[in-house]
Amino acid sequence: MATLDLDDISKIYPGSRDRAVDHVSMKIEDGEIIALLGSSGCGKTSTLRMVAGFESVTEGTVKLGDRIVNNLKPAERNIAMAFEGYALYPPLKVRDNIAFSLLRDRTPRAEIDKRVGEISDMLELGPMMERYPPGLSGGQQQRVSLARALIRKAAIYLLDEPMSQLEPQLRALLRARIKDHLIANKMTTVIVTHDQTEAIALADRIAVMDNGLLQQFGTPEDLRERPSNLFVASFIGEPPMNLFSAEVAGGVLQVFDNEGAAAFTLPLRQGALPPGSRVMIGMRPHKLRVSEDLAGATLRGRVVTNHWLGDHSHVGVQVGGCFLIAVAGRHVVAPVGAEVGIIAPEDAVHVFDVANGQAIRHGLHDQATAA
Ligand SMILES: Nc1ncnc2c1ncn2[C@@H]1O[C@H](COP(=O)(O)OP(=O)(O)O)[C@@H](O)[C@H]1O
Ligand SMILES: [Mg+2]
Numbered sequence: 026m027a028t029l030d031l032d033d034i035s036k037i038y039p040g041s042r043d044r045a046v047d048h049v050s051m052k053i054e055d056g057e058i059i060a061l062l063g064s065s066g067c068g069k070t071s072t073l074r075m076v077a078g079f080e081s082v083t084e085g086t087v088k089l090g091d092r093i094v095n096n097l098k099p100a101e102r103n104i105a106m107a108f109e110g111y112a113l114y115p116p117l118k119v120r121d122n123i124a125f126s127l128l129r130d131r132t133p134r135a136e137i138d139k140r141v142g143e144i145s146d147m148l149e150l151g152p153m154m155e156r157y158p159p160g161l162s163g164g165q166q167q168r169v170s171l172a173r174a175l176i177r178k179a180a181i182y183l184l185d186e187p188m189s190q191l192e193p194q195l196r197a198l199l200r201a202r203i204k205d206h207l208i209a210n211k212m213t214t215v216i217v218t219h220d221q222t223e224a225i226a227l228a229d230r231i232a233v234m235d236n237g238l239l240q241q242f243g244t245p246e247d248l249r250e251r252p253s254n255l256f257v258a259s260f261i262g263e264p265p266m267n268l269f270s271a272e273v274a275g276g277v278l279q280v281f282d283n284e285g286a287a288a289f290t291l292p293l294r295q296g297a298l299p300p301g302s303r304v305m306i307g308m309r310p311h312k313l314r315v316s317e318d319l320a321g322a323t324l325r326g327r328v329v330t331n332h333w334l335g336d337h338s339h340v341g342v343q344v345g346g347c348f349l350i351a352v353a354g355r356h357v358v359a360p361v362g363a364e365v366g367i368i369a370p371e372d373a374v375h376v377f378d379v380a381n382g383q384a385i386r387h388g389l390h391d392q393a394t395a396a
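Quick look at the structure:
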């Protein structure tokens, strides 16, 4: 087990002038599970491969425990990695693929059998043990690759999109089992994923990347309640945050629609924002409540869409020229065209700088300034 400390690391591939990874710094605690989350091409795999030693580090240092490992070969770093492309050994049976590192280390037969049995049970690989990788589906090969990494005793586990090929039900089952396994064995783990549900379900902290840059590194709650900028605010959450431009005027927050016309106002505590500030505001759909009580609501609007998704509703409401989505945990009976109220609690409103996208404050309370 070990800590991992990335200090200002960058990756510039030969022949390129761009940074695939751009000055990323983060510290991962011993036994912590973190996720690198971002869209395809944002630099997740490049970051992981620099930690593993399959790619050189262009700038910065990678420290594993108290050793700087920049110049060590992968085999000298004591890491276990599950590759995006699986990298299984085709001539070896599944059983021997999984046991490969234990066989190489001359682990006693009885212990190999015990550990292979445990890991293959956990990943539902039992019936496949005597088969060969080329005859398996992508999802099956992916589970073998994951088993081969998790069975090892290593300082750190690096898992690159480890469940991307699995069926949703199996993925949910294995996610829970893998998380229990990582926690029970205190395994320091970096999981690469583009799936925020997976990141939230598995990780203690999530590093959100975009275009090589680390946008925020925090707990799932930090990302949801205290997004550090507009990128994270709009990337995390489903449906995404409602975003509008606004201006502080006459002691209230005047909100504009896409055409720049005044749409509605939000009450503002005195001193919460300097008068005249032009900002972007965000409101999480899950924080807004649809209410039939018009008098008691923050805003009034007209229902434009109302979709029941089995256990909650997505209600689209037109407020002036602005379209907002609210999520209700029940059947909202208001039909399309009905007038409804929207209750926006003060802590549901996030304020961002228009110029650079950085968060200014979370909530309109005096004390809830952005970190
Ligand atoms: N071996 C390589 N040579 C040149 N460019 C690469 C190489 N691998 C990745 N890239 C580029 O680096 C960027 C980040 O890629 P990658 O780390 O694979 O992203 P992700 O895993 O987030 O999808 C992309 O623009 C990709 O095209
Ligand atoms: Mg990748």
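Following my numbering, the numbering of the sequence shown begins with 26 at its first residue and continues without gaps.
Built from N, CA and C at the ideal position, the CB exists for glycine as well.
Where the beta strand (DSSP E) through residue i begins and ends
i, result
"residue 292", "287 to 292"
"residue 235", "230 to 235"
"residue 84", "84 to 89"
"residue 326", "324 to 333"
"residue 107", "104 to 107"
"residue 306", "303 to 308"
"residue 295", "Run containing residue 295: none; DSSP gives neither H nor E here."
"residue 378", "374 to 378"
"residue 51", "46 to 53"
Ligand 2 heavy atom lying under 6 angstroms from the CB of residue i
i, result
"residue 80", "no"
"residue 109", "yes"
"residue 211", "no"
Contact belief for residue i with residue j at Cβ below 8 angstroms, rounded distance in angstroms
i, j, result
"residue 234", "residue 345", "Rounded, the Cβ-Cβ distance is 36 angstroms, inconsistent with contact."
"residue 339", "residue 264", "6 angstroms"
"residue 217", "residue 169", "Actually they are not in contact, since the Cβ atoms of residue 217 and residue 169 sit about 18 angstroms apart, beyond 8 angstroms."
"residue 301", "residue 267", "Residue 301 to residue 267, Cβ: 23 angstroms. No contact."
"residue 144", "residue 176", "5 angstroms"
"residue 342", "residue 353", "At roughly 11 angstroms, the Cβ-Cβ gap does not stay under 8 angstroms, so residue 342 and residue 353 are not in contact."
"residue 369", "residue 377", "The Cβ separation is near 16 angstroms, so there is no contact."
Closer than 6 angstroms: residue i CB and nearest ligand 1 heavy atom
i, result
"residue 178", "no"
"residue 68", "yes"
"residue 157", "no"
"residue 228", "no"
"residue 38", "yes"
"residue 65", "yes"
"residue 363", "no"
"residue 45", "yes"
"residue 35", "no"
Cutoff 6 angstroms; reference residue i; Cβ partners in own chain excluding five residues on either side
i, result
"residue 228", "58, 59 and 60"
Other residues of its chain near residue i: CB distance less than 7 angstroms, five sequence neighbours each side excluded
i, result
"residue 103", "179 and 180"
"residue 282", "288, 345, 346 and 347"
"residue 35", "44, 46, 47, 48, 83, 84 and 85"
"residue 89", "27, 29, 102, 180 and 181"
N-terminal and C-terminal residue of the alpha helix (DSSP H) that residue i is part of
i, result
"residue 125", "119 to 129"
"residue 256", "255 to 260"
"residue 76", "69 to 77"
"residue 248", "245 to 250"
8 angstroms Cβ shell around residue i - same chain, five flanking residues per side excluded
i, result
"residue 43", "37 and 237"
"residue 128", "121 and 137"
"residue 191", "164, 167, 168 and 199"
"residue 279", "271, 272, 273, 287 and 290"
Counting only runs that start and end within the stretch 134 to 164, where is the alpha helix (DSSP H) found for 4 or more residues in a row?
-> 134 to 147
Please list the segments of the beta strand (DSSP E) lying wholly inside the stretch 167 to 222, counting only runs of 3 or more residues, in order along the chain.
-> 181 to 185 and 214 to 218
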